[in-house]
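Colleague: Just so you know, we're using numbering that gives the first Met the number 0 here: the sequence shown kicks off at 0 and counts up by one.
Here's a structure for you.
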Amino acid sequence: MSTNPAAPPPGFYAQNGQFFCEGVAMTDLAAQFGTPSYVYSAALMRQAWQNFHRQVTASLSPAHAPLICFAVKANPNLAVLRLFAALGAGADIVSSGELQRALKAGITAEKIVFAGVGKRDDEIAAALDHGILQFSVESVEELQRIAALAAAKNVTARAAIRVNPDIDGGTHAKISTGNKHNKFGIEQAQVAEIFAHARQLPSLQLDGLSVHIGSQLTELKPLALAFAALRQLVLSLRQSGHRLTRLDLGGGIGVSYRGEKLIDLAAYAALVNENVGDLGCRLIFEPGRFLVAKAGILLTRVIATKANSSRNFVILDAAMNDLMRPALYDSYHDIVPVVTRHAPPQRVDVVGPVCESADIFAEHRHLPPLTPGDLVMIADTGAYGASMSNSYNSRHLPAEIMVEDSKARLVRRAISTLDLLQFEPD
Ligand code: LLP
């Protein structure tokens, strides 16, 4: 029992040699909910939201009616969506599944934007039925399909063209979306023709542009180029008599996983203002990672250790199915023992039990000696962690825990093979 009446600090911190999240000991969370489990700090999510809101949206003129549409794919847990909904968030979705989640969390359709290169008819229909704010259209064929489905329902679809500005975001190739060779968006040279074509589609209100050049961006320069390209398009489309009322500037703001130099949000806001601030358009932002990455950790336990003549392996009960990022993008995540050890570090490879050599969380990492039963945290996994988890090797889908005001609650229980076997006939 703490005798300190002060509220615990937000997020994850060490006290008396062991880690806590908002006043709750990690050891207690592991005992109560098991491992591997994702642990989220509600305070850190709110803090990230306030940061973005204060430095970006609140710094813009209210005439822009700026809207933050949380990129649901980063962390679609209902508890997370509800937290952002209560702060006024909209949602950036890429499937009807994400639409269902956003609506269930209380995010209204007029705050929902729908991107993605392969929207199915049934997904478009569902979004039309709810009357979402915007379809971010990624091909001419899709534009026609949306128009036809809207016409059949006797409704008007609000749409923006997602522009592919052929700009390299300078991020990992697998999360880069703004180059010509990427499948995303429509190249600038085709946009005017599509706007002209859309005039013949009365069920379509095409009055916006959107851009998203990649994720985990750490440089402003590519964003500056992308926003400048949008500006040019708005000006030339207006010259041709088209109405432009909305600009969706995408997400992509990076976070620090390993001391990366980050985009300064005030400079980002200034860039937005400079490039598109005078166009009289509503501005939409789609941050995902920025709002949740630092607010989550993956809590896992050491199953075993082993050494051979070249390596020391620490084998965790979490694996690439729980957290795909290192296997997929060679991404770096800090690995932190829950109970602090004051012993000289050893060079280890931290791996999971999955039968793939890609199932490695860290190679050649210097960590204090770890033994079976020890708890460790894989840091900065609140974004694209649980959301990309799967049951490969017939493993459980990990549990998710939200900690708030010194209380922990299970916001998704682990999903077991027995759960999944229900869907396969006997
Ligand atoms: N808007 C659109 C249209 C997007 O495609 C994305 C992310 C976002 C917004 C949000 O981007 P953020 O602010 O989170 O960077 N699984 C990868 C990231 C994939 C991002 C896909 N699109 C990872 O773990 O790094």
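Note that CB positions come from ideal geometry on N, CA and C, so glycine has one too.
Is the distance from the Cβ of E192 to the Cβ of N163 below 7 Å?
Modeller: With respect to the 7 Å criterion, E192 and N163 are not classified as neighbours on the basis of their beta carbons.
Colleague: In the DSSP assignment, find the unbroken alpha helix (DSSP H) run with N272 in it and report its ends.
Modeller: L264 to V275
Colleague: One question on the structure: do I302 and D316 come within less than 7 Å of each other, judged by their Cβ atoms?
Modeller: In this structure, I302 places its C-beta atom within 7 Å of the C-beta atom of D316.
Colleague: Along the chain, where does the alpha helix (DSSP H) containing I145 start, and where does it finish?
Modeller: Looking at the DSSP string, the run of the alpha helix (DSSP H) that includes I145 is V139 to K152.
Colleague: Roughly how far, in whole angstroms, is the beta-carbon of G287 from the beta-carbon of A73, given that I think they are within contact range, below 8 Å?
Modeller: Right, their Cβ atoms sit about 3 Å apart.
Colleague: Mapping the DSSP letters down to three states, classify G184 as helix, strand or coil.
Modeller: coil
Colleague: One question on the structure: do A114 and S95 come within less than 7 Å of each other, judged by their Cβ atoms?
Modeller: no
Colleague: Helix, strand or coil for L321? Go by DSSP, reduced to three states.
Modeller: Note on identity: in this sequence residue 321 is Asp, with Leu being the wrong assignment. Three-state result, D321: coil.
Colleague: Just to confirm, is the Cβ distance from Y37 to L297 under 7 Å?
Modeller: yes
Colleague: Where does S40 fall in DSSP's three states?
Modeller: DSSP places S40 in the strand class (E or B) of the three-state scheme.
Colleague: Count the other CB atoms, across all protein chains shown, that sit within 10 Å of the CB of F289; report buried if there are 16 or more and exposed otherwise.
Modeller: buried
Colleague: Would you check if the distance between the CB atom of M25 and the CB atom of V291 is smaller than 7 Å?
Modeller: no
Colleague: Just checking my contact of L59 with N272 at CB under 8 Å: how many whole Å lie between their CB atoms?
Modeller: 7 Å
Colleague: Please name the residue or residues paired with N163 in a DSSP beta bridge.
Modeller: E186
Colleague: Closer than 6 Å by C-beta to D418: which residues in its own chain qualify, once you throw out the five before and the five after it? Chain order, please.
Modeller: none
Colleague: What does H129 pair with, by DSSP beta-bridge criteria?
Modeller: Answer is none; H129 lacks a bridge partner.
Colleague: Are the CB atoms of A104 and I111 nearer to each other than 7 Å?
Modeller: no
Colleague: On a CA-only basis, which of A57, L246, K260 and Q133 is nearest L232? Give me that one, please.
Modeller: L246
Colleague: Rounded C-beta distance between G130 and E109? I'm assuming under 8 Å.
Modeller: 7 Å
Colleague: Please indicate yes or no: does the CB of P164 lie closer than 6 Å to some heavy atom of ligand 1?
Modeller: no
Colleague: Any heavy atom of ligand 1 closer than 6 Å to the beta-carbon of H211?
Modeller: yes
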